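Asker:
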Amino acid sequence: MDLVFRDAEVVDGSGGPSYRADVAVERGRIVSIVQEAAAAGCQRPTARRSVDAEGLVLSPGFVDMHAHSDLALLRDPDHSAKAAQGVTLEVLGQDGLSYAPVDDRTREEVRRAIAGWNGGGPEDPTVDLDWRTVGEYLDRLDTAHGGEGIAVNAAYLVPQGTVRMHAMGWEDRPATPAELDRMRRLVAEGLEQGAVGMSSGLTYTPGMYAPDAELAELCRVVARYGGYYCPHHRSYGAGALRAYEEMIALTREAGCALHLAHATLNFGENEGRAPELLALLDRALGTGADISLDTYPYTPGCTTLLALLPSWAQAGGPEAALARLADGPTADRIRHDLEVTGSDGCHGVPVDWSTIEVSGVTEPALADRVGRRLGGWEEARALLLADRLGSTILQHVGHEENVRAIMRHRVHTGGSDGILQGDKPHPRAYGTFPEYLGRYVREEGVLTLEECVAHLTSRPAARLRLPDRGLVREGYVADLVLFDPATVAAGATYDAPRTLPVGIPHVLVDGRFVIEDGRRTDVLAGRAIRRTPV
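FYI, the numbering used here numbers position 486 of the sequence shown as 1045, with every residue one higher than the one before it.
1. For the beta strand (DSSP E) that contains Ser759, what are its first and last residues?
2. Does the stretch 730 to 741 touch the stretch 657 to 669, meaning 3 or more C-beta pairs lie closer than 8 Å?
3. Bridge partners for Tyr715 per DSSP, in chain order?
4. Let's test the definition: count the other Cβ atoms within 10 Å of the Cβ of Leu944 and tell me whether it reaches 16, buried, or not, exposed.
5. Does the beta-carbon of Ala703 have 16 or more other beta-carbons within 10 angstroms, so that it is buried, or is it exposed?
6. Can you list, in chain order, the residues of its chain whose CB lies under 7 Å from that of Asp946, leaving out five sequence neighbours each side?
7. Using only alpha-carbon positions, find the residue among Met966, His955, Leu630, Arg1057 that is nearest to Asp911.
8. Taking the alpha-carbon of Asp662 as reference, which of Leu1006, Arg723, Pro1019, Gly655 has the nearest alpha-carbon?
9. Check this for me: beta carbons of Leu700 and Val746, under 8 Å apart or not?
10. Closer than 8 Å is the cut-off here; do at least three beta carbon pairs connect the stretch 865 to 883 with the stretch 777 to 788?
11. By the three-class DSSP mapping on this structure, what secondary structure does Tyr999 have?
12. Per DSSP, what kind of secondary structure is Pro619 in: helix, strand or coil?
13. From the DSSP output, which residues share a beta bridge with Leu1067?
14. Select from Glu751, Glu1075, Thr1058, Thr647 the residue whose C-alpha is nearest the C-alpha of Thr1091.
15. Under 8 Å between the Cβ atoms of Val569 and Val582?
16. What's the call for His895, buried or exposed, on a 16-neighbour Cβ count within 10 Å?
17. Which residues does DSSP list as the beta-bridge partners of Ile589?
18. Are Gly760 and Asp654 closer than 8 Å when you measure CB to CB?
19. Grab me the residues of Leu1067's own chain with a C-beta within less than 6 Å of its C-beta, minus the 5 sequence neighbours each way, in chain order.
20. So, does the stretch 1024 to 1033 touch the stretch 682 to 700, judging by three or more C-beta pairs under 8 Å?
21. Where do the ends of the alpha helix (DSSP H) carrying Glu1010 lie?
22. Assuming Leu1023 and Val717 are in contact, meaning their beta carbons sit under 8 Å apart, how far apart are those beta carbons, in whole angstroms?
23. Buried or exposed, going by whether 16 or more other CB atoms sit within 10 Å of the CB of Gln594?
24. In terms of residues, what are the limits of the alpha helix (DSSP H) holding Phe992?
25. Which same chain residues end up closer than 6 Å to Ser794 when comparing Cβ atoms and leaving out the 5 residues on each side of it in sequence?
26. With distance defined between alpha-carbon atoms, name the residue in Pro859, Arg1089, Ala1084 nearest to Asp637.
27. Within the continuous alpha helix (DSSP H) that includes Pro888, where are the two ends?
28. Can you tell me where the beta strand (DSSP E) with Gln752 in it begins and where it stops?
29. For Leu633, tell me which candidate among Pro984, Ala674, Arg1089, Ile709 has the shortest Cα-Cα distance.
30. Within 10 angstroms of its Cβ, does Val899 collect 16 or more other Cβ (buried), or is it exposed?
31. For Leu897, I'd like the list of residues in its chain whose CB is within less than 6 Å of its CB, leaving aside the five on either flank, ordered along the chain.
32. Could you round the C-beta distance between Gly1062 and Pro993 to whole angstroms and report it? I think they count as a contact, below 8 Å.
33. Within 8 Å, do at least three Cβ pairs link the stretch 838 to 848 to the stretch 929 to 938?
34. Taking the alpha-carbon positions, what's the Thr762 to Arg842 distance?
35. Gly997: buried (16+ other C-beta within 10 angstroms of its C-beta) or exposed?
36. Go ahead and label Thr735 buried or exposed: buried means 16 or more other beta carbons lie within 10 angstroms of its beta carbon, across all protein chains shown.
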């Protein structure tokens, strides 16, 4: 044996009661689980290394169902932001915008469009985007950092907005039959090359320009390959419940599994309305719909400042948006939509500038803006122009009672939605998983420990159709977390968002320590996790 954890309290990810056991690992897999070994007088497994786990919980590694580490995994071999939380698998390609599949034109456009999420803008030399297809991107993850790999495992969703950009640019119109065929082929190729499903960002251009019929056609392709559809749907504010209904109806028509991204209800219009959303989900589940969702345990949201603008102001891509912002009369139209009408980019709700906090900029000379609330449209416009659309923001528009109600639901999973860029990122990037375990389990009892671990492990593994991950079981891959249930907690705060958690001494990926005695090792055991063929 390579390793044995002795006298661990095993929370195995199933949701069932914990038990005390010795757990042995060999060649990256769990090979032996001996319950109550010492008390029963059993032959205890021996190994080259033994870890005393008395008083600690051993669980499967956590799955971040909504991650924005698409370039961070390639840029930063350490990646403690996720590894230190116990995350052993991240799902990338979120919100309909990522870096494959692309051609030369699309690559440069998407780099600029989501530089605020991931860095990697046209002037950023830290990552060479030398791939074009989904398969080539996944290969790049496998061979990153001199061929050693990446810090944690990663799965990928084909980004529908990037696919639309590839097939027809940034135009706000229905696709022609030839363009729709091109999009179908791109989605199919991505799934054949290993993607686990498809994402959309339906408040982000150009994905939001797609009508439901177009999305349903692409979802039929996803269903054929056994993948799932992960939409950031059309509104989390005004019309949020209608937007959820739209996604449920669309995927039922297409016969496609649905995973609702960062499923919450924000803005004043939706305070206290989580029970309505959960009733909607229960009705659909009761009629056979295949639905899951993810959330993060915080109330503010995080996105780019550009995303708030109305979709018409972003048509044609980043350069066209900058030109409209620079034109006085057009900028006045944008302001009217933002402050009076309610921009579709701001979920149909008139913007309250006092809720918008700058979290990051790409231009160093603008660093003094970070951490400040925006004073109004003219300040926001000036920042967009000076930072060439690269600024990120926190939106303080959530409701704690909605967050708590949704995390209790039986199809809930955890997703950080963690943007790692910016001088003051959202603390969810560094704190989501210990926040669940520390605050919402130990301190407040919103979930039991066994329930919470199931939400973070076996439930997402089932959605991803991973046959040997997400549980502490003999024969399963040894993606494991050892944590102290009495002390585990997020260190990240809004003032110090890059602080690492406490109470997680050991994290294993593929049976190898990526966190050992609370410190990041130099191990790069992560690989691309490709779709299980149907």
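C-beta: ideal position from N, C-alpha, C; glycine also.
Bear in mind that the values here come from a model prediction, so they are computed numbers and not experimental data.
Answerer: Here's the rundown:
1. By 1-based counting over the sequence shown, the position of residue 759 is 200. That run of the beta strand (DSSP E) goes 756 to 760.
2. no
3. Here residue 715 refers to the residue found at position 156 of the sequence shown. Leu651, per the DSSP bridge assignment.
4. If you number the sequence shown from 1, residue 944 lands on position 385. So Leu944 ends up on the exposed side.
5. For the purposes of this step, residue 703 is taken as the residue at position 144 of the sequence shown. Burial call: buried.
6. Counted from its first residue, the sequence shown places residue 946 at position 387. Correct list, in chain order: Val920, Thr921, Glu922, Leu925.
7. Along the sequence shown, read from residue 1 onward, the residue named residue 911 stands at position 352. Comparing Cα-Cα distances from Asp911 to each of Met966, His955, Leu630, Arg1057, the minimum goes to His955.
8. Along the sequence shown, one-based indexing puts residue 662 at 103. Closest by alpha carbon: Arg723.
9. Residue 700 sits at position 141 when you count from the first residue of the sequence shown. Residue 746 sits at position 187 when you count from the first residue of the sequence shown. No, the pair does not count as a contact, with Cβ atoms beyond the cut-off.
10. no
11. Residue numbering aside, residue 999 sits at position 440 when the sequence shown is read from its first letter. Three-state result, Tyr999: helix.
12. The sequence position of residue 619 within the sequence shown is 60, counting from 1. Reduced to three states, the DSSP call for Pro619 is strand.
13. Looking up residue 1067 in the sequence shown gives position 508. Paired residues: Leu1039, Phe1072.
14. Along the sequence shown, read from residue 1 onward, the residue named residue 1091 stands at position 532. Among Glu751, Glu1075, Thr1058, Thr647, the Cα nearest to that of Thr1091 is on Glu751.
15. Walking along the sequence shown from the start, residue 569 turns up at place 10. Walking along the sequence shown from the start, residue 582 turns up at place 23. A contact, by the Cβ cut-off of 8 Å.
16. Stepping through the sequence shown from its first residue, residue 895 is reached at position 336. It is exposed - the Cβ of His895 has fewer than 16 other Cβ atoms within 10 Å.
17. Your numbering for residue 589 matches position 30 in the sequence shown. Answer is Val584, bridged to Ile589.
18. Here residue 760 refers to the residue found at position 201 when the sequence shown is read from its first residue. Here residue 654 refers to the residue found at position 95 when the sequence shown is read from its first residue. A contact, by the Cβ cut-off of 8 Å.
19. Residue mapping note: residue 1067 aligns to position 508 of the sequence shown, counting from 1. Correct list, in chain order: Ala1037, Leu1039.
20. no
21. By one-based count along the sequence shown, residue 1010 stands at place 451. Its alpha helix (DSSP H) spans residues 1008 to 1015.
22. In the sequence shown, the residue the question calls residue 1023 occupies position 464. In the sequence shown, the residue the question calls residue 717 occupies position 158. At roughly 14 Å, the Cβ-Cβ gap does not stay under 8 Å, so Leu1023 and Val717 are not in contact.
23. Indexing the sequence shown from 1 puts residue 594 at position 35. So Gln594 ends up on the exposed side.
24. Reading the sequence shown from its first residue, position 433 is the one you call residue 992. Taken as a continuous stretch (DSSP letters only), the alpha helix (DSSP H) holding Phe992 covers 987 to 994.
25. Here the question's residue 794 lines up with position 235 in the sequence shown. Counting only Cβ-Cβ distances below 6 Å, and skipping sequence neighbours, we find Ala802, His906, Gly907.
26. The residue labelled residue 637 in the question sits at position 78 within the sequence shown. With distances taken between Cα atoms, Asp637 lies closest to Ala1084.
27. Here residue 888 refers to the residue found at position 329 of the sequence shown. Here the alpha helix (DSSP H) through Pro888 covers 887 to 895.
28. Taking the sequence shown and counting its residues from 1, one reaches residue 752 at position 193. No beta strand (DSSP E) contains Gln752, which DSSP labels as neither H nor E.
29. Sequence index remark: in the sequence shown, residue 633 carries index 74 (1-based). Comparing Cα-Cα distances from Leu633 to each of Pro984, Ala674, Arg1089, Ile709, the minimum goes to Ile709.
30. In the sequence shown, residue 899 corresponds to position 340, counting from 1. With fewer than 16 Cβ atoms within 10 Å of its Cβ, Val899 is classed as exposed.
31. Counted from its first residue, the sequence shown places residue 897 at position 338. Closer than 6 Å at the Cβ level, and outside the excluded window around Leu897, lie Val910.
32. Here residue 1062 is taken as the residue at index 503 of the sequence shown, counted from 1. Here residue 993 is taken as the residue at index 434 of the sequence shown, counted from 1. At roughly 7 Å, the Cβ-Cβ gap stays under 8 Å, so Gly1062 and Pro993 are in contact.
33. no
34. Here the question's residue 762 lines up with position 203 in the sequence shown. Here the question's residue 842 lines up with position 283 in the sequence shown. The straight-line gap from Cα to Cα measures roughly 26 Å.
35. Position 438 of the sequence shown, counted from the start, is the residue given in the question as residue 997. Gly997 should be labelled buried.
36. For the purposes of this step, residue 735 is taken as residue 176 along the sequence shown, with counting starting at 1. So Thr735 counts as exposed.
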